Amino acid sequence: MSSNTQQTTATNYDGGFDDITHAMASPAFRQNPYALFEQMRREHPVYRSSQGAWYLTRYADVDTTLRNPHMSRDRERIARWQAQLGLTPEDNSLQQPLSQSMLTTDPPNHTRLRQLVNKAFTARRVEALRPRIETIVDELLDAAVAAGPSMDLMAALAKPLPVMVICELLGVPETDHQRIAEWSREFIDQASYVPTRESLQRYAPVVRAFEDYLRELIRCRSAQPRDDLITALITMQHCGDRLTEDELLGTCFLLLLAGHETTVNLIGNGMLALLRHPDQIRRLQDDSSLISSTIEELLRYDSPFQMTMCFAVGKVEIGGQTVHDGDVLFPILGAANRDPAQFLDPDRLDIARADNRHLSFANGPHFCLGAPLARLEGKIAIGRLVRRLPDLRLDTDIVQWRPNPRLRGLVSLPVVY
Ligand code: HEM
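Residue 409 in the working numbering sits at position 203 of the sequence shown; the count goes up by one each step and never skips.
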């Protein structure tokens with residue numbers, strides 16, 4: 207095994223897959239989910255759990271499923287699945303604000319919502335952020351270096367940058383950035399990908415506080431429009447159509463969460479991968495034109511968003527298995543991104559990797575709307591960091607991971623320079 211290859215056998219999971227949600231909550235899985243994914247892909251690539259949920263780990267199955275028109279994200283189907291899990295409509299009302307976004311709709315309503323948001327979230331609006339992102343990164347690094355010669359990279363750069371960028375873009379006042387970051391962290395850390403009454407109740411107060419705050423902000427911008435994304439979303443019209451207040455709320459909630467936590471993980475997981483492969487950092491320092499392929503490789507190698515979810519509409523064949531109407535599926539993006547049938551030497555970090563069609567931004571109708579912004583932030587943050595601190599090194603052997611298996615991210619990342 208090359209020094210450039212992450213050890214994938216050390217935490218091998220050999221207890222069968224019956225209790226997969228339990229396996230995904232284990233400390234060994236948090237340290238290295240790729241050992242379990244590799245075993246699943248080899249032994250049960252289309253795996254049905256004891257709860258009746260399907261887990262997909264092969265690139266071809268994940269990719270086809272994401273693009274399959276016979277797969278649904280409709281919130282009615284989610285509610286039916288949650289009823290099967292023993293949850294009541296009252297339990298579901300606890301997550302109400304999230305449910306009105308494009309993420310939980312199918313075409314044609316999904317197309318309608320996405321077109322409306324796309325019209326406000328333009329490439330021009332994203333590209334215009336470049337100088338501001340560069341300034342924020344430089345200021346954060348100035349502050350960290352002044353306090354040096356060590357820092358927690360998560361606290362110094364990976365966490366503050368994305369929340370500042372998405373909040374400024376939307377028009378959230380600077381004084382509120384910190385509480386948005388805290389609500390978002392609590393929400394993600396408390397959420398369970400198979401929801402239970404307890405998990406919903408745990409994060410209900412955060413959802414309510416977030417909702418009250420956003421409704422007030424939408425009211426303010428409706429009364430006094432500004433040059434920001436919230437105002438653009440309020441006033442946006444497409445073919446005489448516009449977003450309702452609940453849709454606006456769901457969209458702002460989605461943008462603040464999706465546009466923030468995932469990018470934190472790109473910078474955090476990405477820097478950890480680079481720091482564990484000093485030869486790859488040197489390669490990037492020697493040739494800065496590799497920054498775009500570096501970001502794609504970091505997205506593939508330790509995906510910030512590991513697992514998505516959908517429901518079968520009618521009978522669907524996947525990898526020789528029959529999935530029935532209403533069955534829930536979890537296509538595992540992080541597993542697909544390490545499939546040797548798609549990627550040469552997939553456990554190897556190669557910042558110049560060619561033909562890197564990773565699925566970290568998903569695929570099909572729900573392909574990440576914020577991918578250009580995420581890539582821009584990643585390139586500026588990581589590019590400037592490795593140039594400015596050429597002797598950056600990890601200051602720990604063991605890192606601590608956050609609990610949510612869908613969003614893979616670090617608690618902290620101690621470094622010296
Ligand atoms: C590295 C950073 C990011 C990653 C890895 C990522 C990944 C993803 C993935 C996998 C999905 C599909 C989710 C699913 O099907 O369940 C998605 C959807 C989405 N993302 Fe991102 N994302 C990132 C950054 C962003 C940013 C910066 C924004 C916005 C500012 C954003 C906005 C969205 C939206 C609105 C959707 C829903 C699209 C739809 O349903 O049609 N994302 N993202």
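Note that beta-carbon positions come from the ideal geometry of N, C-alpha and C, so glycine has one too. Since we're looking at a predicted model, the values are computed, not measured.
Item, Value
"Beta-carbon gap between F243 and I557 smaller than 9 Å", "no"
"Sequence-distant residues of the same chain with beta carbon closer than 7 Å to I339, five excluded per side", "V371, L582, E583, I586"
"Backbone secondary structure at N210 - three-state DSSP", "Since pLDDT at N210 reaches only 39, below the 50 mark, its modelled position is unreliable, and no value is offered."
"Neighbour-count burial assignment, N238, 16 or more Cβ in a 10 Å radius", "buried"
"Supposed contact pair A350 and A364 - C-beta distance, whole angstroms, cut 8 Å", "About 11 Å; that fails the 8 Å criterion."
"Spatial distance of T469 from Y507 (CA atoms)", "15 Å"
"Span of the alpha helix (DSSP H), counted from its first residue to its last, around D348", "336-353"
"Closer than 8 Å: A410 CB and nearest the ligand HEM heavy atom", "no"
"Endpoints, the alpha helix (DSSP H) within which S495 is located", "Here S495 belongs to no alpha helix (DSSP H), and DSSP marks it neither H nor E."
"heavy atom of the ligand HEM below 8 Å from P401 C-beta", "no"
"Host beta strand (DSSP E) of T381 (start-end)", "Counting along the chain, T381 falls outside any beta strand (DSSP E), and DSSP gives it neither H nor E."
"C-beta atoms of L462 and I386 nearer than 9 Å", "yes"
"Residue from L613, A541, A577 with nearest C-alpha to A266", "A541"
"Distance cut-off 8 Å: R315 Cβ against heavy atoms of the ligand HEM", "Residue identity check: residue 315 is Asn in the sequence provided, not Arg. Checking every heavy atom of the ligand HEM against the Cβ of N315, none is found closer than 8 Å."
"Environment of D220 [buried if 16+ CB atoms lie within 10 Å]", "Since pLDDT at D220 reaches only 47, below the 50 mark, its modelled position is unreliable, and the value read off the structure follows with that caveat. Classification for D220: exposed."
"Inter-residue Cα distance where the pair is F517 and G576", "24 Å"
"heavy atom of the ligand HEM below 8 Å from N274 C-beta", "no"
"Check whether G377 and L319 have beta carbons under 9 Å apart", "no"
"heavy atom of the ligand HEM below 8 Å from M515 C-beta", "yes"
"Own chain, CB closer than 7 Å to D597, minus 5 neighbours either side, in chain order", "Y623"
"Exposure of P546, with buried meaning 16 or more beta-carbon neighbours within 10 Å", "exposed"
"Among L367, I524, S398, V400, the one whose alpha carbon lies nearest that of Q384", "L367"
"Classification of F573 by the beta-carbon crowding that lies within 10 angstroms, buried from 16 upward", "exposed"
"Cα-Cα separation, Y419 to R425", "10 Å"
"Three-state class that DSSP yields for L598 in the structure shown", "coil"
"Of the listed residues R594, Y240, A464, nearest to S494 (C-alpha basis)", "R594"
"Alpha helix (DSSP H) runs contained entirely in the segment 360-437, provided each spans 4 or more residues", "366-376, 383-396, 403-429"
"Bridge partners - Y261, DSSP secondary structure assignment", "Y253, F536"
"For R482, the three-state DSSP class (helix, strand or coil)", "coil"
"Where the alpha helix (DSSP H) through I284 begins and ends", "281-290"
"N- and C-terminal bounds of the beta strand (DSSP E) containing Q527", "527-529"
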